[in-house]
Structure formats: C-alpha cells, structure tokens
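Going by UniProt numbering, 65 is the number at position 65 of the sequence shown; the sequence numbering is gapless. Ideal Cβ positions, reconstructed from N, Cα and C, are used throughout, including at glycine.
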Amino acid sequence: MGLEDGNSENARSWARFLATCLVGGVVVAVGVGFGVSLLGSQERHGPQLPLGFPWRRKKNRPVRVYMDGCFDMMHYGHCNALRQARALGDQLVVGVVSDAEIIVNKGPPVTPLDERMIMVNAVKWVDEVIPDAPYAITEEFMKKLFDEYNIDYIIHGDDPCVLPDGTDAYALAKKAGRYKQIKRTEGVSSTDIVGRMLLCVRERSVSENQHHSSLQRQFSHGHSQKFEDGGSGSGTRVSHFLPTSRRIVQFSNGKGPQSDARIVYIDGAFDLFHAGHVEILRIARELGDFLLVGIHTDQTVSAHRGAHRPIMNLHERSLSVLACRHVDEVIIGAPWEISKDVITTFNISLVVHGTVAENNNFQKEQGNPYEVPISMGIFKVLDSPLDITTSTIIRRIVSNHEAYQIRNEKKAASEKKYYEGKSYVTGD
Ligand SMILES: *[C@@H]1O[C@H](CO)[C@@H](O)[C@H](O)[C@H]1NC(C)=O
C-alpha cells in the first residue's frame with residue numbers, strides 16, 4: 001500500500017544517502033528511525049551534500065508537499081492530482097476544507113467532512129490529512145504549513161486560483177519559491193458528475209422532471225456543447241475522459257500476491273465511489289493478505305440497476321477503486337456470477353459481500369451469483385460500517401438541487417474560461 005511503500009522507499013533512500021555520505025568521508029549526524037517519526041526532530045537545513053550528489057533531496061529529511069481541496073464528490077481526477085502531488089515529494093499532506101468554509105464559499109457540500117476525511121485518507125498517495133483547512137490559503141495558514149507541518153512545497157493545479165480580491169491565492173508561496181504546479185486531470189469534474197446524476201433522475205422519472213430539467217441543463221452544459229456525449233453514444237454522458245493504458249498503470253500497485261497470500265475477493269459496481277465503499281474494502285482487506293476487487297461491466301450494472309446506471313463508466317470506476325489503499329488489484333469488468341473457474345484462476349480464499357448494498361436480494365433470486373463460493377464454504381457477509389449507497393449520494397444531490405444550481409452557475413463560467421484558454425501542459 002502507498003504509505004508503506006513510501007516509507008520503505010524513504011528507508012532505502014536513507015540507506016543510499018548514508019552509504020554515499022560514508023563513502024565520501026562526510027560525517028552526518030542523523031537521528032534514528034525513518035519516516036514520520038523523524039519529522040520535527042530534524043533541523044530544517046541539513047548538511048550540505050557533496051557536489052554532484054545525484055539525489056534530489058537537499059535536506060536530511062523527506063520532502064513534504066502540501067495540497068488542499070474540498071474533495072466533495074471525490075473522483076479519480078482528485079486522486080490523480082494527489083498522485084501527481086505526491087510524486088513531487090516524499091510525503092504528501094492534504095488539507096481538507098471544512099464544511100463551514102465550503103458553505104460560505106460555494107454552497108453546501110454533498111459530502112460532510114467526516115466522509116470527505118475517510119475518502120482522502122483512503123487514497124494511497126496520501127500520508128497525512130489536515131481537517132478544517134481554509135478555503136483560500138492565508139498568509140497565517142501558509143506560515144503554519146511551513147513552520148508546524150514542515151511543508152517544503154505547496155502544490156496546485158495549472159488552473160488559476162483567484163481570491164475574491166482578484167489576487168493569485170498562491171502568490172506568496174510562489175514568491176517564497178515554495179510553489180509547484182501539476183497538470184489538471186482532464187476528463188472529469190464534479191460538475192459533469194452532477195449532470196450525469198440529474199440526467200439519471202430525470203430519465204427515470206419523466207413526470208417528476210419539471211424542476212430538474214433546467215438544473216440538469218446547467219450541469220451537463222458546464223463546458224461548451226461540442227464536448228457533450230463523450231463517446232458513450234447514449235447521449236446521456238458528458239465525460240471527456242479518455243482512458244489511457246498509462247493511467248491505469250500509474251494507479252496500479254504493479255504487484256501480484258505473494259505465493260502464500262490469502263486472497264480475498266469482493267465484487268460490485270463501485271459507482272460514485274464513496275466512504276461506504278472505502279470502509280467495506282478496509283474490512284475486507286483485513287481478512288486476508290491481498291484484496292482483489294471485481295468491478296462489474298457497465299452492461300452488468302445497467303442490467304441490474306436500470307438503464308441510467310452506472311453514473312461512472314467502467315474505467316472511471318476502476319481508477320477510483322485502484323486509488324484506494326486497501327485494494328491490491330482490480331478485475332476491470334468482472335463477471336456477475338462467481339464461478340469455480342474464477343476462484344481457481346485467482347486462488348481466491350474468501351468471497352465477501354457487505355450488508356449495505358443496493359441489491360441484497362441476491363440470495364433469494366434465481367441464479368444467486370454467490371452460489372459457488374457459498375457451496376464451497378468460502379462466502380462471508382460483512383457488516384457494512386456505514387449506511388451509504390450510490391443512491392444515497394444521488395439523493396443528496398437531487399434534494400439540494402437549488403443550492404447546487406447557484407453553485408454551478410459560478411463554476412460553469414470559470415470552467416468555460418478554463419477550456420477556452422486551455423493549452424497543452426506537459427506532465428502526467
Ligand atoms: C493459494 O492460497 C492459499 C491460501 O489460501 C495459499 O496457501 C497457497 O499458497 C496459494 N497458492 C498459490 C499457488 O499461490
């Protein structure tokens with residue numbers, strides 16, 4: 001998992017660092033232990049390294065980077081930004097904006113802070129989370145980041161972040177040479193996702209749609225018209241997401257199970273990946289050494305939950321699940337029924353399913369998808385820690401539609417500006 005990998009990577013770098021220093025005959029006083037325990041006990045500016053030392057870290061401690069955000073309706077775009085930020089340092093500290101600050105600045109969040117904290121903490125590239133971060137970075141908070149949290153760089157995407165008074169929110173950090181930029185993830189925004197949800201509600205219930213239709217237009221036309229219907233062919237999708245093989249590789253752990261690993265399998269749609277998903281995955285992972293997650297195809301999800309599901313397509317859902325630190329591997333397009341062959345192919349020891357799910361009538365239905373694992377005595381129902389489903393998330397949006405409408409009008413204008421002024425930015 002990300003955190004552990006990061007730490008062992010740090011440990012290896014330290015070992016290399018020490019070895020090189022010793023070879024060079026330089027005596028360096030370093031505290032014992034690696035990773036987080038070191039922080040704070042070390043002086044800011046470490047010993048000067050020998051000239052030409054091929055190591056990007058100049059100080060005798062890990063480079064700590066900071067990124068903040070609301071992380072409301074968190075999706076793989078947020079996860080990708082966190083991945084890019086983490087790559088600019090050794091430890092990533094994430095500031096999550098409080099509910100009160102979000103309400104003041106953009107209207108009520110869909111996801112309360114406790115759930116947003118669960119989501120951000122679960123991202124495998126995140127090392128620490130600060131709750132209640134300010135919406136716009138203040139001079140005082142920046143000082144706190146540098147002095148108390150030992151942050152080296154503040155990270156932000158390449159979209160401009162302007163304060164109400166028209167100044168650049170990161171001007172101070174830039175001036176101090178403590179700012180780094182990442183490329184914005186193309187293809188998805190919360191605005192798009194809300195648009196898809198509203199379309200889903202509208203089309204499911206035409207009689208109720210009157211008050212949703214203008215809102216639905218708002219959200220789904222967040223960007224210029226020509227981006228609509230990004231490839232699904234159904235006319236209900238507004239995604240710009242162009243899946244590449246490299247993105248999947250970037251999100252993957254790249255490791256299979258060890259030879260004697262106990263492999264746990266869980267399957268589902270994992271649509272609009274939320275805190276309930278994170279928590280069931282955490283518990284499932286604790287039952288073994290390797291968690292394999294089967295993600296149902298769009299067709300399978302539609303067949304069982306209706307034509308307007310899933311909201312997020314198979315690739316998007318796969319990336320969200322892959323970004324979760326409790327997950328070791330995913331099957332992109334898993335079968336509905338778990339056959340003996342699947343169990344053998346992946347050497348699955350245990351198949352689990354949560355008590356909170358959108359469809360829990362499977363045991364009564366004909367063709368129970370878990371029939372084989374049940375008959376083998378390797379099926380277990382897990383108590384879901386949180387009572388949240390994809391429908392919960394959709395309901396939250398729809399019931400707050402007026403507030404989101406206002407919020408979106410502002411957002412749509414800035415999004416339009418971004419897409420109009422957009423140019424190619426390097427990086428991944
Ligand atoms: C299959 O899983 C079991 C644990 O359930 C493990 O003991 C065994 O070594 C695994 N087999 C292989 C070939 O990895």
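Problem - Burial state of Gln91, where buried means 16 or more other Cβ atoms lie within 10 Å - result: Per the 10 Å Cβ criterion, buried.
Exercise for the section: From the DSSP output, in three-state form, read off Pro373 for me. Expected result: Look at Pro373 here: in three-state DSSP terms it is helix.
Problem - C-alpha gap between Ser220 and Trp125, whole angstroms - result: With a pLDDT of only 40 at Ser220, under the threshold of 50, the placement of this residue in the model should not be trusted, and no figure is reported.
Practice task
Look at the alpha carbon of Ala395 and the alpha carbon of Glu101, and state the distance between them as a whole number of angstroms.
Solution key: Strictly speaking, residue 395 in this sequence is Arg, with Ala absent from that position. Using only the alpha carbons, I get a separation of about 23 Å.
Practice task
With a floor of 3 residues, list each beta strand (DSSP E) that falls wholly inside the stretch 117-155, ordered by position along the chain.
Solution key: 128-133
Exercise for the section: Run through the stretch 277-335 for me and flag every whole beta strand (DSSP E) of 3 or more residues, listed as ranges in chain order. Expected result: 290-296, 329-334
Exercise for the section: Closer than 5 Å is what we want: which residues have a beta carbon that near any heavy atom of ligand 1? List them in chain order. Expected result: Ser259, Asp260, Arg262, Asn347, Ser349
Problem - DSSP three-state assignment for Lys340, whether helix, strand or coil - result: helix
Practice task
Have a look at the DSSP bridge pairing and note the partners of Gln258.
Solution key: None; Gln258 has no bridge partner.
Exercise for the section: Determine the contact status of Tyr170 and Tyr66, defining contact as a CB-CB distance below 8 Å. Expected result: no
Handout entry: Asp68 - partner residues in DSSP beta bridges
Key = Gly95
Handout entry: Whole-number beta carbon distance between Leu291 and His315, since they are thought to touch under 8 Å
Key = Going by Cβ atoms, the distance from His315 to Leu291 rounds to 20 Å, so no, they are not a contact pair.
Handout entry: Simplified DSSP assignment, three categories, for Asp90
Key = In this structure, Asp90 counts as coil in the three-state DSSP scheme.
Practice task
Mind the definition here: the stretch 366-381 touches the stretch 305-325 only if three or more C-beta pairs lie below 8 Å; say whether that holds.
Solution key: no
Practice task
Give the straight-line distance between the Cα atoms of Val63 and Arg83, rounded to the nearest whole angstrom.
Solution key: 15 Å
Exercise for the section: Specify whether the stretch 135-152 and the stretch 93-109 touch according to this definition: at least 3 beta carbon pairs, one from each stretch, less than 8 Å apart. Expected result: yes
Exercise for the section: Find out if the Cβ-Cβ distance for the pair Ile388, Val110 is shorter than 8 Å. Expected result: No, they are not a contact pair.
Exercise for the section: Go ahead and pull the three-state DSSP assignment for Phe53. Expected result: Caution is warranted here: a pLDDT of 37 is assigned to Phe53, below 50, making its placement in the model unreliable, and the coordinate value is therefore given only provisionally. Reduced to three states, the DSSP call for Phe53 is coil.
Practice task
Give the DSSP bridge partners of His353, in chain order.
Solution key: Val381
Practice task
Measure the CB-CB distance between Arg178 and Ile154 and report whether it falls below 8 Å.
Solution key: yes
Problem - C-beta atoms of Glu329 and Pro369 nearer than 8 Å - result: no
Handout entry: Classification of Ile348 by the beta-carbon crowding that lies within 10 angstroms, buried from 16 upward
Key = buried
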